[in-house]
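A.B. asks:
Protein chains: 2
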Amino acid sequence: MRSITLSAIEGIPPVNQGDDLARLIAGGIEKTGLRLQAGDIVVVCQKVVSKAEGRVVDLKTIAPSEFANILAKRWEKDPRAVELVLRQTNRIVRNDRGVIIVETGQGWVCANAGVDESNTLTDDSAILLPEDPDASAARIRAGLKNLCGLELAVLVTDTFGRPWRDGLTEICLGIAGMNPILDLRGTTDLGGRELHHTVVAIADELAAAAGLLMEKAAAVPAVLVRGYGYQPFDGSAKVLIRPAEADLFR
Amino acid sequence: MRSITLSAIEGIPPVNQGDDLARLIAGGIEKTGLRLQAGDIVVVCQKVVSKAEGRVVDLKTIAPSEFANILAKRWEKDPRAVELVLRQTNRIVRNDRGVIIVETGQGWVCANAGVDESNTLTDDSAILLPEDPDASAARIRAGLKNLCGLELAVLVTDTFGRPWRDGLTEICLGIAGMNPILDLRGTTDLGGRELHHTVVAIADELAAAAGLLMEKAAAVPAVLVRGYGYQPFDGSAKVLIRPAEADLFR
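Heads up: the sequence lines are chains A and B, in that order.
Under the working numbering, the first residue of the first sequence carries the number 1180, and numbering increases by one thereafter.
Under the working numbering, the first residue of the second sequence carries the number 1180, and numbering increases by one thereafter.
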């Protein structure tokens, strides 16, 4: 029987700048009564990664630009938070009806450049996305390997909206130890016909699966995925970002 | 320990028009060595639903319109398949670089109106989306309840692309027995702050999770999800379709 088990990693304490996230996750896994196995996938939400990496910004230190003030006034937002969004922004994709969808410097297209104003340390702070989530994932993976001696894969995820469909889903921002896509092109289907268009974003499917256990108030910043057979691979989650020339929704 | 188990339902035979899908799925669950429990979620891929419902079209019976011929010539496609796409189409959202993204009559925004040319019975046929996937899910749910006496939830899913991110993911087209969204608005986060923007598309996350076990060549048209605590609800997957007035990417 092919099956996959998703387990909420409980007992991870509040994370602060400089914390060793691999150690906190390993501790949580132990507290949950789990034992890591080779081939496991550890999915970690961006928020604790950003906190450990010191990506929390005190909004009192942010002086809004004129443009940030204009946008904030128009949409009834905190001008300092808007300024922070603009500083992470490469290109504004859409700005209407109170929504600012941007392409960040790292290439993600998302609302508010992924700047998070909830679950922060004080009411006056915001959390930025990790600077290089692939590197974050690789660091956590190396730390876990150091602690347990096992080859694992690690995903760093965030909760994004998407066009056309309501509701947020968890997606993959950074990856280490596995390929984020499953490329079925060139293989044949059950009828023996070649599959031409089938590249599956398995990293996003894994993120979404983990998202089921990562409800915001439930204090579950990490999920253990067991039983998904992946090929070890030195991949980057950047391949999930559609290149500009293939993007019909710029 | 909070955990969710995804199990591939094996041994479902090729599906034909008129087949009792609930019975075939129940048989597959038994062959796989599983036993249904109250609260389980059964995720079924659209293709077998459409086959059972007779949504397979013989392309030899389709006379392409002039517009279908023009599009097909320009993008080197089968004009009969393009004609079939146009007949399911309410509005063309984008048509460029060989891609036709449309809003279907039922409201989904997707490539080729969800018309599927692979895994069909012969080389000259195509499979349409179910006419009413909520009703399909409800029928399967009622059939399973009839067979096993249990309250379950059922999802009907398909593999869709999305803007900005490469790769396909499994999404929810139809649902019965549970709410497709988890609305956290009004609840508070760990810091006691009210969550304003957090509506989670749990049906799409469940679909994506199941998608990990639904690889095309692996003949797994259904997946059993156990351990996800949902509230029984008479929901519709249509709430996952963003209303036109909130859609910035028309």
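Cβ coordinates follow ideal geometry from the N, Cα and C atoms, glycine included.
Determine the extent of the beta strand (DSSP E) in which A/Ile1360 is found, giving its start and end residues.
C.D. replies: The sequence position of residue 1360 of chain A within the first sequence is 181, counting from 1. Note, A/Ile1360: premise wrong, no beta strand (DSSP E); not H, not E.
A.B. asks: In whole angstroms, give me the CA-to-CA distance for B/Val1228 and B/Gly1408.
C.D. replies: Taking the first residue of the second sequence as 1, we reach residue 1228 of chain B at position 49. Taking the first residue of the second sequence as 1, we reach residue 1408 of chain B at position 229. Spanning the two alpha carbons is a distance of roughly 25 Å.
A.B. asks: Which bits of chain A does B/Leu1385 rub up against, with CB to CB less than 9 Å?
C.D. replies: Here residue 1385 of chain B refers to the residue found at position 206 of the second sequence. Ala1387, Ala1388 and Leu1391, listed in chain order.
A.B. asks: Which bits of chain B does A/Ile1183 rub up against, with CB to CB less than 7 Å?
C.D. replies: The residue you call residue 1183 of chain A lines up with position 4 of the first sequence. Residues of chain B passing the Cβ test: Leu1185, Leu1391 and Leu1392.
A.B. asks: Where do the N-terminal and C-terminal ends of the alpha helix (DSSP H) with B/Leu1200 fall, by residue?
C.D. replies: Position 21 of the second sequence, counted from the first residue, corresponds to residue 1200 of chain B. From DSSP, the alpha helix (DSSP H) with B/Leu1200 extends over Leu1200 to Lys1210.
A.B. asks: Rounded to whole angstroms, how far is the Cβ of A/Ala1380 from the Cβ of A/Val1221, which I believe are closer than 8 Å?
C.D. replies: Start at 1 with the first residue of the first sequence, and residue 1380 of chain A comes out as number 201. Start at 1 with the first residue of the first sequence, and residue 1221 of chain A comes out as number 42. The pair is not a contact, with the Cβ atoms about 19 Å apart (cut-off 8 Å).
A.B. asks: Less than 7 Å between C-beta atoms, sequence neighbours within five positions excluded: which residues of the same chain meet that for A/Ala1316?
C.D. replies: Here residue 1316 of chain A refers to the residue found at position 137 of the first sequence. If we look at A/Ala1316 and ignore the five residues flanking it on each side, its Cβ neighbours are Val1333, Leu1334, Val1335, Gly1353, Ile1354 and Ala1355.
A.B. asks: Going by DSSP, name the residue or residues bridged to B/Cys1289.
C.D. replies: Position 110 of the second sequence, counted from the first residue, corresponds to residue 1289 of chain B. Partner(s): B/Val1281.
A.B. asks: Between B/Leu1363, B/Leu1403 and B/Arg1429, which lies nearest to B/Thr1211 when the distance is taken from Cα to Cα?
C.D. replies: For the purposes of this step, residue 1211 of chain B is identified with residue 32 of the second sequence, where counting begins at 1. When each option's Cα is compared against that of B/Thr1211, the closest is B/Leu1403.
A.B. asks: Excluding the 5 residues flanking B/Val1378 on each side, which residues of the same chain have their C-beta closer than 8 Å to its C-beta?
C.D. replies: Taking the first residue of the second sequence as 1, we reach residue 1378 of chain B at position 199. For B/Val1378, where only same-chain residues beyond five positions count, the Cβ hits under 8 Å are Ile1360, Leu1361, Asp1362, Leu1363 and Arg1364.
A.B. asks: Could you work out which residues of chain A lie near B/Lys1349, taking near to mean beta carbons separated by less than 8 Å?
C.D. replies: Here residue 1349 of chain B corresponds to residue number 170 of the second sequence, with the count starting at 1. With the sequence shown as reference, residue 1349 of chain B is identified as Glu, and Lys is not the correct amino acid for it. Ordered by position in chain A, the residues that pass the 8 Å Cβ test against B/Glu1349 are Glu1384.
A.B. asks: What is the residue span of the beta strand (DSSP E) that A/Asn1195 lies within?
C.D. replies: Here residue 1195 of chain A corresponds to residue number 16 of the first sequence, with the count starting at 1. Taken as a continuous stretch (DSSP letters only), A/Asn1195 belongs to no beta strand (DSSP E), as it is neither H nor E.
A.B. asks: Leaving out the 5 sequence neighbours to the left and right, which residues in its chain are closer than 6 Å to A/Lys1239 when beta-carbon positions are compared?
C.D. replies: The residue labelled residue 1239 of chain A in the question sits at position 60 within the first sequence. Correct list, in chain order: Asp1303.
A.B. asks: Do you know how far the Cα of A/Ser1186 is from the Cα of B/Met1180?
C.D. replies: If you number the second sequence from 1, residue 1180 of chain B lands on position 1. If you number the first sequence from 1, residue 1186 of chain A lands on position 7. In a straight line, the C-alpha of B/Met1180 is about 7 Å away from that of A/Ser1186.
A.B. asks: Please classify A/Ala1217: is it buried, with 16 or more other beta-carbons within 10 angstroms of its beta-carbon, or exposed?
C.D. replies: By one-based count along the first sequence, residue 1217 of chain A stands at place 38. Flag for A/Ala1217 reads exposed.
A.B. asks: Pull up the distance between the alpha-carbon of A/Leu1265 and that of A/Cys1327, whole angstroms please.
C.D. replies: On the first sequence, position 86 is the one that residue 1265 of chain A refers to. On the first sequence, position 148 is the one that residue 1327 of chain A refers to. Roughly 41 Å separates the two Cα atoms.
A.B. asks: Measure the alpha-carbon distance for B/Asn1298 versus B/Gln1267 and round it to whole angstroms.
C.D. replies: The sequence position of residue 1298 of chain B within the second sequence is 119, counting from 1. The sequence position of residue 1267 of chain B within the second sequence is 88, counting from 1. Residue confidence is low: B/Asn1298 scores 49 on pLDDT, short of 50, so the model does not pin down where it sits. No coordinate-derived value is stated.
A.B. asks: Does the structure place the segment 1201-1210 of chain A close enough to the segment 1405-1419 of chain A that three or more beta carbon pairs sit under 8 Å?
C.D. replies: Touching, no, given that fewer than three Cβ pairs across the two stretches are closer than 8 Å.
A.B. asks: Go to B/Val1227, then tell me how far its beta strand (DSSP E) extends in each direction, as first and last residue.
C.D. replies: Your numbering for residue 1227 of chain B matches position 48 in the second sequence. Here B/Val1227 belongs to no beta strand (DSSP E); instead the alpha helix (DSSP H) covers Gln1225 to Ala1231.
A.B. asks: Looking at the unbroken alpha helix (DSSP H) that takes in A/Ser1315, where does it start and where does it end?
C.D. replies: As a working note, residue 1315 of chain A is residue 136 in the first sequence. Start and end: Pro1312 to Cys1327.
A.B. asks: For A/Ala1187, write down the residues that DSSP places opposite it in a beta bridge.
C.D. replies: Reading the first sequence from its first residue, position 8 is the one you call residue 1187 of chain A. A/Ala1187 pairs with A/Val1402.
A.B. asks: What three-state label does DSSP hand B/Asn1298 in the structure shown?
C.D. replies: As a working note, residue 1298 of chain B is residue 119 in the second sequence. Only weak support exists for where B/Asn1298 lies, its pLDDT of 49 falling under 50; the coordinates are left without a value.
A.B. asks: Less than 8 Å between C-beta atoms, sequence neighbours within five positions excluded: which residues of the same chain meet that for B/Gly1284?
C.D. replies: As a working note, residue 1284 of chain B is residue 105 in the second sequence. Once the five neighbours on either side are set aside, the close Cβ partners of B/Gly1284 are Gln1267, Thr1268 and Asn1269.
A.B. asks: If you drop the 5 nearest sequence neighbours on each side, which residues of the same chain put their C-beta closer than 8 Å to that of A/Gly1406?
C.D. replies: Within the first sequence, residue 1406 of chain A is the residue found at index 227, counting from 1. Hits under 8 Å: Arg1181, Ser1182, Ile1183 and Thr1184.
A.B. asks: Is A/Ile1350 closer than 7 Å to A/Asp1383 when the C-beta atoms are compared?
C.D. replies: Reading the first sequence from its first residue, position 204 is the one you call residue 1383 of chain A. Reading the first sequence from its first residue, position 171 is the one you call residue 1350 of chain A. Going by C-beta atoms, A/Asp1383 is nearer than 7 Å to A/Ile1350.
A.B. asks: Does A/Arg1266 get closer than 7 Å to chain B when you measure Cβ to Cβ?
C.D. replies: Residue numbering aside, residue 1266 of chain A sits at position 87 when the first sequence is read from its first letter. No - not a single Cβ of chain B is within 7 Å of the one on A/Arg1266.
A.B. asks: Is the CB of B/Val1228 under 7 Å away from at least one CB in chain A?
C.D. replies: Here residue 1228 of chain B corresponds to residue number 49 of the second sequence, with the count starting at 1. It does not: the Cβ of B/Val1228 has no partner Cβ on chain A nearer than 7 Å.
A.B. asks: Who are the near neighbours of A/Ser1244 in its chain, counting only those whose CB is closer than 8 Å to its CB and skipping five residues on each side?
C.D. replies: Along the first sequence, read from residue 1 onward, the residue named residue 1244 of chain A stands at position 65. So the qualifying residues of the chain are Glu1262 and Leu1265.
A.B. asks: Along the segment 1325-1342 of chain A, what residues have a CB closer than 9 Å to any CB found in chain B?
C.D. replies: Within the segment 1325-1342 of chain A, the qualifying residues are Thr1338, Phe1339, Gly1340, Arg1341 and Pro1342.
A.B. asks: Interface residues of chain A around B/Leu1427 at Cβ under 8 Å?
C.D. replies: Counting from 1 along the second sequence, the entry for residue 1427 of chain B is found at position 248. Near B/Leu1427 (Cβ distances below 8 Å), the residues of chain A are Arg1273, Asp1275, Arg1276, Val1278, Ile1280 and Pro1342.
A.B. asks: Should A/Leu1427 be listed as close to the ligand COA, given that the test is whether its C-beta is under 6 Å from any heavy atom?
C.D. replies: Ligands displayed in this structure: none; no statement on the ligand COA is therefore possible.
A.B. asks: Give me the residue from A/Ala1231, A/Glu1255 and A/Leu1213 with the minimum Cα distance to A/Lys1195.
C.D. replies: Residue 1195 of chain A sits at position 16 when you count from the first residue of the first sequence. Inspection of the sequence shows that residue 1195 of chain A is occupied by Asn rather than by Lys. Answer by Cα proximity: A/Ala1231.
A.B. asks: When you compare the CB positions of A/Arg1273 and B/Leu1427, do they come within less than 7 Å of one another, or not?
C.D. replies: If you number the first sequence from 1, residue 1273 of chain A lands on position 94. If you number the second sequence from 1, residue 1427 of chain B lands on position 248. Yes, the Cβ-Cβ distance between A/Arg1273 and B/Leu1427 is below 7 Å.
A.B. asks: Kindly indicate which residue of A/Phe1246, A/Arg1202, A/Asp1219 and A/Ala1389 has the alpha-carbon position closest to the one of A/Asp1337.
C.D. replies: Taking the first sequence and counting its residues from 1, the one referred to as residue 1337 of chain A is at position 158. Of the listed residues, the one whose Cα sits closest to A/Asp1337 is A/Ala1389.
A.B. asks: Which one or two residues does DSSP pair with A/Arg1344 in a beta bridge?
C.D. replies: Within the first sequence, residue 1344 of chain A is the residue found at index 165, counting from 1. A/Arg1344 is bridged to B/Ile1420.
A.B. asks: Using C-beta distances below 8 Å, list every residue in its chain close to A/Leu1331, excluding the 5 sequence neighbours before and after it, in chain order.
C.D. replies: Taking the first residue of the first sequence as 1, we reach residue 1331 of chain A at position 152. Here the set comprises Leu1215, Ala1217, Gly1218, Asp1219, Ile1220, Val1221, Arg1320, Leu1323, Lys1324 and Gly1356.
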